[in-house]
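A short write-up of the structure that comes next.
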Amino acid sequence: MPTFRILGFPVRVRIGFLVFLAVVIVWNPSVGWRFGLAVTVFSLIHELGHAVAARRLGAEPEIALDFLAGTTRYTPPRPITPLERAGVALAGPFIEILIGLAALGVLRVNPLDVPAVFDHTEAAVIWIAGPIFGLLNLLPIYPLDGGHVLAGALEELWPSRGRDFAEFLSTGFTIGFGVLALAVDSIRWLAPFALLLVALQAWLRWGHLIRPVRRRRVAVDGSESGGGSEAETAVQLADESVDRDPDLIGGVAVADRHSTVVE
Ligand SMILES: [Zn+2]
1 MPTFRILGFP VRVRIGFLVF LAVVIVWNPS VGWRFGLAVT VFSLIHELGH AVAARRLGAE
61 PEIALDFLAG TTRYTPPRPI TPLERAGVAL AGPFIEILIG LAALGVLRVN PLDVPAVFDH
121 TEAAVIWIAG PIFGLLNLLP IYPLDGGHVL AGALEELWPS RGRDFAEFLS TGFTIGFGVL
181 ALAVDSIRWL APFALLLVAL QAWLRWGHLI RPVRRRRVAV DGSESGGGSE AETAVQLADE
241 SVDRDPDLIG GVAVADRHST VVE
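First residue of the sequence shown? That's 1 in my numbering, and the numbers climb one at a time after it.
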């Protein structure tokens with residue numbers, strides 16, 4: 001699939017993203033192409049926000065656009081603090097909302113006046129793809145950016161258990177939101193998204209569980225190949241490679257795919 005560079009960052013467009021655009025356009029042909037364009041532009045802006053913030057930490061981020069979600073992969077050259085990681089997560093939606101509001105300002109549309117926004121097709125697609133998707137990404141729910149911000153803040157306060165607590169809270173919020181969506185007619189269509197998010201969160205938990213297995217396997221290989229200090233070195237190398245795994249954050253439309261690949 002095509003790869004190009006923006007601001008020096010490699011951007012890969014995956015087939016899933018083209019399928020996503022096709023679905024958007026076919027779904028509502030009259031505004032579909034405009035919405036598709038807005039989603040493409042704001043997804044890129046969102047990911048560039050993450051990428052610029054990660055580059056400030058010394059990383060060389062890579063961007064990919066995929067079905068429903070863009071991703072920014074970065075590997076910091078040094079251990080970064082939970083707050084630095086939260087800052088990178090925050091930068092994407094922040095710039096997406098800011099540029100969306102600026103574009104609505106140019107069109108002279110008040111983003112708080114919803115009927116006026118929907119009077120104007122360009123304003124409506126910018127409003128949804130910019131500020132609204134940006135705000136949705138800030139919900140304190142994994143794997144959205146807001147979940148990573150919550151985890152960063154809690155890890156800063158409680159280094160050993162902060163991340164677990166953030167995952168627990170995030171699943172609680174998602175289930176709460178799903179129940180609310182089922183109860184309220186106007187937002188019932190969001191209930192399947194809540195279910196999808198809970199499934200993703202469970203998968204992210206499972207990813208955590210396989211880490212020690214990977215470490216043990218390398219340790220066993222090490223002891224078979226000589227034991228003693230070689231086994232210790234193997235455990236050390238395995239630990240290092242697991243810890244060095246690239247951090248992955250991203251966003252767009254509804255779902256970010258952060259820690260899906262952080263593991
Ligand atoms: Zn994001």
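All C-beta atoms in this analysis are idealised placements derived from N, C-alpha and C, irrespective of residue type, glycine included.
Residue i, DSSP secondary structure in three states
| i | result |
| --- | --- |
| Thr174 | helix |
| Phe67 | coil |
| Ala109 | It is worth fixing the name first, because residue 109 is Val in this sequence and not Ala. Val109: coil per DSSP, three-state reduction. |
| Val23 | helix |
| Arg34 | helix |
| Arg5 | strand |
| Val184 | coil |
| Thr72 | strand |
| Pro93 | helix |
| Arg55 | helix |
| Glu60 | coil |
| Arg78 | coil |
Residue i and residue j closer than 8 angstroms at C-beta
| i | j | result |
| --- | --- | --- |
| Gly49 | Ile95 | yes |
| Leu190 | Ala181 | yes |
| Gly16 | Ile25 | no |
| Gly178 | Leu195 | yes |
| Thr75 | Ala64 | no |
| Thr174 | Ile132 | no |
| Gly152 | Ala51 | no |
| Glu155 | Pro93 | no |
| Leu107 | Glu84 | no |
| Leu112 | Ile126 | no |
| Arg5 | Val13 | no |
Residue i versus residue j - alpha carbon distance
| i | j | result |
| --- | --- | --- |
| Arg73 | Val88 | 11 angstroms |
| Val31 | Ser160 | 48 angstroms |
| Ile99 | Ile128 | 12 angstroms |
| Asn28 | Ala38 | 14 angstroms |
| Phe9 | Ala124 | 29 angstroms |
| Arg55 | Ile45 | 15 angstroms |
| Val19 | Leu200 | 21 angstroms |
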